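The structure under discussion appears below in the form of structure tokens.
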Amino acid sequence: MGAFETPESCRKWKEEFELACPVIPDAEGTLFRQLTNGWVPCNILVGRDGKVLFSENEFDDAGYSTAIAGLYSAPAKAQPEPESGERPIRRASPSAAARIVILGAGVGGVVAAHHLRQRLPRQHRIIVIDRSSDHLFSPSLLWLMVGNRRADQIRRPLTRLAGNGIEFHHDEVAAIDLDRRLVRTRSNAFSFDYLIVSLGARLAPETVEGFDEMAHNLYSLEGCERIRAALETFPGGTIAVLVAALPFKCPAAPYEAAFLVEALCRTKHIRDKTEIHIFTPEHQPMPIAGSAMGDAITAMIHARGIHYHPLYTFQELRPDTREIVSSDGRSERVDLLLGVPPHQAPEVVRSAGLLGVSGWIHVDATTLRAGHDGVFAIGDVTSIRLPGGKMLPKAGVFAHHQAEVVADVIASEIRGTESRASFNGKGYCWIELGDGKAGFASGRFYAEPDPEVRMFHPGRFWHWGKVAFEKWWLRHWL
Ligand SMILES: Cc1cc2nc3c(=O)[nH]c(=O)nc-3n(C[C@H](O)[C@H](O)[C@H](O)COP(=O)(O)OP(=O)(O)OC[C@H]3O[C@@H](n4cnc5c(N)ncnc54)[C@H](O)[C@@H]3O)c2cc1C
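Sequential numbering from 25 applies to the sequence shown in our numbering.
Set out below in structure tokens:
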């Protein structure tokens, strides 16, 4: 139970929901800190031997029910390790002409394709499939939202991959048949020796009633273009950033969005007529990065007069009255709503039977193997449990480095050599603050017992670092 509960409220909960299990308060937040990402809601199933069998930050009924069924149907020692992606692997023999199929041409897919091409001679085919014709540099969506970028400046046609000896197919992945080692698309079928799944996280605004009527999707190009248009004529009022559910990609993005909008309102001389709010289920900004980082960003939020609502359990949108409502019945009227919709694994991954109980693909933390011979998964579609039991955040920097590792492992296997590449959980991110300034944080997420993340002093230098990275990314890969 949450930190706000008392023994009495726990007793009432137990009675009301006719629960057979003990319900206890966690007044000091001890269990919360030990077992969660610092996010609510969080469901954790602990086995008879005290080991965590299942943990998730969303209401994944299917996963939770499966884990509970497993607990009751099997003896304690036979419980599966939910985060282990390793199953017995049939080793692919070094192939004279291998076919490597990469699903998704976002961050992970594009990097993996290039690294494979650099390492393998041309007789080995590298096939990339994406439903989108363009690669979009998502971090720049936030600049686009405040009028500092146009769409054509932050996306590139994926047909450019062909110039590097990579086959690109603009197509929808419809099915992954792991037994036949075949990927079916709307118009084709591709057999593979190696498969890299980098399909990202699907945004699911349709799961929030009224989202399309009331909110603009902060995580999509169309949504950010609509936000920019709305901000251009915004006369003043209440602007809110709402994180509807957990997990979500790029833990910094909702905060960056609020900072950039706040700075824009000052430039437009409407700041004194505008309230800015952030509503999030997290207990602090970027909780996985630890309390020092959370405190630093919270201080920046307060310094800018932004209203911060952590531990916000979002319930519903009421487009008629333009209200957002929390589960405890509080409602707030909002004129302009920037929404981070719930994230899900793509359906094609679910139907392939690749998902673990977390609702994402469980992979080996260092090799990114997904439990089937020659099959790897990288990026946002995966779930990796960190040494302390928390989950690796979903971010492009991890998809990027995982892609390098997987490419090295596959290329080495094909060449019959041994790869020393191993994903080490290191990552970094810029945090845009507005006014041409940014912060920068970098860390070791596989550190024990908890990730070690360091934040560097914010300034113009880091903002220009992010601009330089954007230019490099778009020129280097496409
Ligand atoms: C506003 C914003 C700001 C961000 N800022 C940062 C940042 O500063 N730093 C950072 O590290 N990360 C950032 N991120 C997160 C980063 O973009 C993602 O973590 C990263 O793109 C994940 O890479 P991926 O390869 O796993 O998935 P993606 O890059 O999402 O690629 C998945 C691809 O799969 C394709 N696809 C999906 N389903 C199908 C299908 N059935 N058939 C065919 N194709 C399909 C999609 O079209 C897509 O191209 C940001 C994200 C957003 C939205």
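Yeah, the Cβ is synthetic: ideal placement off N, Cα and C, and Gly gets one too.
The model shown is predicted, which means the values in this text are computed figures rather than measured ones.
- Per DSSP, residue 47 lies in no beta strand (DSSP E) segment and is marked neither H nor E.
- Annotation for residue 179: 158, 159, 160, 161 and 245 place their beta carbon closer than 8 Å to its own, counting only its chain and skipping 5 residues before and after.
- Counting only the Cα atoms, residue 450 lies some 10 Å from residue 476.
- Cβ atoms of residue 279 and residue 302 come within 8 Å of each other, at about 7 Å.
- With a cutoff of 7 Å, residue 277 counts as near ligand 1, since its C-beta is closer than that to a heavy atom of the ligand.
- Taking C-alpha positions only, residue 237 is separated from residue 264 by approximately 15 Å.
- Secondary structure of residue 216 (DSSP, three-state): coil.
- Around the beta carbon of residue 485, fewer than 16 other beta carbons sit within 10 angstroms, so the residue counts as exposed.
- Proximity to residue 385 across 376, 407, 366 and 399 peaks at 407, based on C-alpha coordinates.
- At a Cβ-Cβ threshold of 8 Å, residue 33 and residue 127 do not count as neighbours.
- Closer than 7 Å to some heavy atom of ligand 1: that describes the Cβ of residue 454.
- Relative to the non-hydrogen atoms of ligand 1, the Cβ of residue 130 comes within a distance shorter than 7 Å of at least one.
- Relative to residue 388, the option among 243, 403 and 468 whose CA is nearest is 403.
- Restricting attention to alpha helix (DSSP H) runs no shorter than 4 residues, the stretch 412-462 encloses them at 420-439, ordered along the chain.
- Per DSSP, the unbroken beta strand (DSSP E) holding residue 339 starts and ends at 338-342.
- Between residue 143 and residue 401 the beta-carbon gap is near 20 Å, outside 8 Å, which marks them as no contact.
- Within the same chain, Cβ atoms closer than 7 Å to the Cβ of residue 411 are found at 470, 472 and 473, the five residues on either side in sequence being excluded.
- In this structure, residue 226 keeps its C-beta atom at 8 Å or more from the C-beta atom of residue 426.
- DSSP places residue 397 in the coil class of the three-state scheme, outside both helix and strand.
- Of 318, 47 and 224, the smallest CA-CA separation from residue 383 is found for 224.
- Distances from the CB of residue 274 to the heavy atoms of ligand 1 include at least one below 7 Å.
- At least one heavy atom of ligand 1 is found less than 7 Å from the C-beta of residue 418.
- For residue 196, the distance from the CB to the nearest heavy atom of ligand 1 is below 7 Å.
- In the structure shown, residue 306 adopts extended strand secondary structure according to DSSP, grouped into three states.
- Residue 407 carries a strand assignment under DSSP once its states are collapsed to helix, strand and coil.
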